[in-house]
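Enquirer: In our numbering, the protein residues as written are 384 to 1007.
Ideal placement from N, C-alpha and C gives every residue a C-beta, glycine not left out.
After the structure tokens below, expect a handful of questions from me.
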């Protein structure tokens, strides 16, 4: 066997060997699991920036009283703070130049008092806004996760786990940073902007015109750079999601990577993706970083322009046009007037990242819920009559996985589905559980279209044991108890005994209280399968689906489980997907699916007598 595989072949190996999450039932139809939108066209602008900002502001409506309180405090404190240049101007014209120093001391006391009040208000307002922003982010995160739990499997297949994790973690944190910083600063900056402009004009309108003349230049530059910055941070988030997916994929499939000596291949892929992230991050930070130096330069230029024009007016027209104090006051107000633009420039980084992150989180929140198309019928129990009537289905419009499939399973029967890999066998499970809906035809249970049955009611009455199982962090007991949280402790033990899992669990250091690591990596594949089977026993479903449920278990244990399975199968309609044909020879009906079509059906003996495709499969496995 060659050790050097091309990247595509290795991806297929990973898809076959790696169990990334509970979405293992979805198979590999979603393409590369971790990639997600990291493979999308990069550099796309946020399509709904205005709507996203409006939506974020909508979350603030529930905190109107607190925000109004903060705003009133800021208006009062900032208003007092804006009086300082005026007091400075009065001190120059009325006290310092005439050498009446008593008034200077009084003004100094005023300035100190204003500074103390302003500092306290800033602290209080920051405290209030941080609490508000954290509450909003908590709500957004809960909404996003709740929608993820209700999203159809097709969404997780399409997006990939790395991208979804990035939305729920990185993007939500960007919203938190943006809300915590920008809302308060925007309020404060608007107050300063309006107040400084008013007091500056009131002090000397001629010098104020010098300041206002530079505003169009600043506005045009800020809007231009803002578009570049927003685009850069959107691209950065997409690359970050792609990199997260790549890391998750390779950590989970590290054994396969090492097995085929493909560390250099994936290291190079990581290097390329990391390089793309570096470039995107550099451009985003570069454009956002340009604003501050530019505004600072303009601010200093305005300051000098005010002093120069003021000096000219004072020399040519005298104190009637402008006084020394007015020149000093307006020059200080020019800095305060430009300061909000400086602050907004500094906040562009967080603001643009927050908008880009919020848009991605809202895309998740706005995803269609599978419960939008839920049925209304509540079923106490299923008798177990299953019918596929002319069912066709494809994961995409141009590829049909199942084509005009029709069959019936009567109550208590065992139906086996066999065929080559990729023929569409596992897809029947997804359709029966409504992970996907059929494109054509109907699936009925007890003569009721499954689309008319409540999804939760349907799934809790259909037990599924997969070839690749997933265990959650917690104890062994908790993982089995997951099948039915209302079950008593003794019932869990009984289910474990029926699945022949009790013996090995009892020998564990802490028995049923033994901790399960992430994904159950501290258990063998066979042990994980036994725990999963015990979970299904505990669930006590009306219908049973076995997808190569014993394929990862040794022959001796398989024989024991088969005996237990026969007890479980009794009086339950069961669908068994099998590659090893010796496990389904006693099935009431065997369906042979090849290239999405049902090409043969019958019991084991009748299919052998037909000497068709099943006959070829059987003797390919058991030929002497």
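What are the boundary residues of the beta strand (DSSP E) that includes residue 980?
Expert: It spans 980 to 985 - the beta strand (DSSP E) in which residue 980 sits, taken as one unbroken run.
Enquirer: Measuring straight from C-alpha to C-alpha, what distance separates residue 608 and residue 535?
Expert: 39 Å
Enquirer: Going by the beta-carbon positions, is the gap between residue 597 and residue 677 smaller than 9 Å?
Expert: no
Enquirer: Helix, strand or coil for residue 824 per DSSP?
Expert: strand
Enquirer: Which residue's Cα is closest to the Cα of residue 458: 846, 497, 862 and 445?
Expert: 497
Enquirer: Please state the DSSP three-state secondary structure of residue 789.
Expert: strand
Enquirer: Is the distance from the Cβ of residue 770 to the Cβ of residue 838 below 9 Å?
Expert: Judged by beta-carbon spacing, residue 838 lies beyond the 9 Å limit of residue 770, meaning their Cβ atoms are not closer than that value.
Enquirer: Quick one: grab the DSSP three-state call for residue 966.
Expert: The DSSP-derived three-state label of residue 966 is helix.
Enquirer: Nearest to residue 1008 by CA position, among 931, 686, 574 and 468, is which residue?
Expert: Residue 1008 lies beyond the range of the chain shown here (384 to 1007); nothing can be said about it.
Enquirer: Considering Cα atoms alone, identify which of 874, 901 and 767 is closest to residue 841.
Expert: Ranking the options by Cα distance to residue 841, first place goes to 767.
Enquirer: Determine which residues share a DSSP beta bridge with residue 511 and list them.
Expert: Looking at the DSSP assignment, residue 511 forms no beta bridge with any residue, so it has no partner.
Enquirer: First and last residue of the beta strand (DSSP E) that includes residue 930?
Expert: 926 to 930
Enquirer: Once you ignore the five residues that flank residue 745 on each side, which residues in its own chain have a CB closer than 7 Å to its CB?
Expert: 435 and 438
Enquirer: Touching or not, the stretch 584 to 592 and the stretch 500 to 511, by the rule of three or more beta carbon pairs under 8 Å?
Expert: no
Enquirer: Would you mind sorting residue 773 into buried or exposed? The rule is 16 or more other CB atoms within 10 Å of its CB.
Expert: It is exposed - the Cβ of residue 773 has fewer than 16 other Cβ atoms within 10 Å.
Enquirer: Taking the straight line between their C-alpha atoms, what separation do you get for residue 356 and residue 753?
Expert: Since the first residue shown for the chain is 384 and the last is 1007, residue 356 is missing from the structure and cannot be characterised.
Enquirer: Three or more C-beta pairs under 8 Å: does that hold for the stretch 850 to 857 against the stretch 945 to 959?
Expert: no
Enquirer: Measuring alpha carbon to alpha carbon, tell me which residue in 469, 971, 612 and 630 is nearest residue 578.
Expert: 469
Enquirer: In angstroms with no decimal places, state the Cα-to-Cα distance between residue 527 and residue 433.
Expert: 20 Å
Enquirer: Report all residues from its chain with a CB closer than 7 Å to the CB of residue 901; omit the five preceding and five following residues, and keep chain order.
Expert: Around residue 901: 856.
Enquirer: Going by DSSP, which residues form a beta bridge with residue 958?
Expert: 798 and 928
Enquirer: Can you list, in chain order, the residues of its chain whose CB lies under 6 Å from that of residue 442, leaving out five sequence neighbours each side?
Expert: If the five residues before and after residue 442 are omitted, its C-beta is found closer than 6 Å to the C-beta atoms of 519, all from its own chain and listed in chain order.
Enquirer: Mind checking whether residue 914 and residue 882 have CB atoms under 9 Å apart?
Expert: yes
Enquirer: May I ask you to verify whether the stretch 568 to 578 touches the stretch 538 to 551, counting CB pairs closer than 8 Å and requiring at least 3?
Expert: no
Enquirer: Name, in chain order, the residues that DSSP records as bridge partners for residue 974.
Expert: 800 and 984
Enquirer: Compare the Cα-Cα distances from residue 803 to each of 1003, 904 and 861 and report the closest residue.
Expert: 1003
Enquirer: Which residues mark the beginning and the end of the alpha helix (DSSP H) in which residue 591 is found?
Expert: 588 to 595
Enquirer: Which residues does DSSP pair with residue 770 in a beta bridge?
Expert: 791 and 827
Enquirer: Going straight from the alpha carbon of residue 567 to that of residue 836, what length do you get?
Expert: 49 Å
Enquirer: Can you tell me whether DSSP reads residue 907 as helix, strand or coil?
Expert: coil
Enquirer: So residue 362 and residue 973 are in contact, right, with Cβ under 8 Å, and what is the actual spacing, rounded?
Expert: No information on residue 362 is available, as it lies outside the stretch 384 to 1007 that the chain covers here.
Enquirer: Since residue 586 and residue 697 are thought to touch, with beta carbons under 8 Å apart, how far apart are those beta carbons, to the nearest angstrom?
Expert: Residue 586 to residue 697, Cβ: 14 Å. No contact.
Enquirer: Among 681, 682, 679 and 714, which residue has its Cα nearest to the Cα of residue 692?
Expert: Comparing Cα-Cα distances from residue 692 to each of 681, 682, 679 and 714, the minimum goes to 714.
Enquirer: Check the DSSP bridge columns for residue 846 and list the partner residues they point to.
Expert: 927
Enquirer: Grab the span of the alpha helix (DSSP H) containing residue 680 for me, first residue to last.
Expert: 646 to 699
Enquirer: Indicate the three-state DSSP secondary structure (helix, strand or coil) for residue 534 in the structure shown.
Expert: coil
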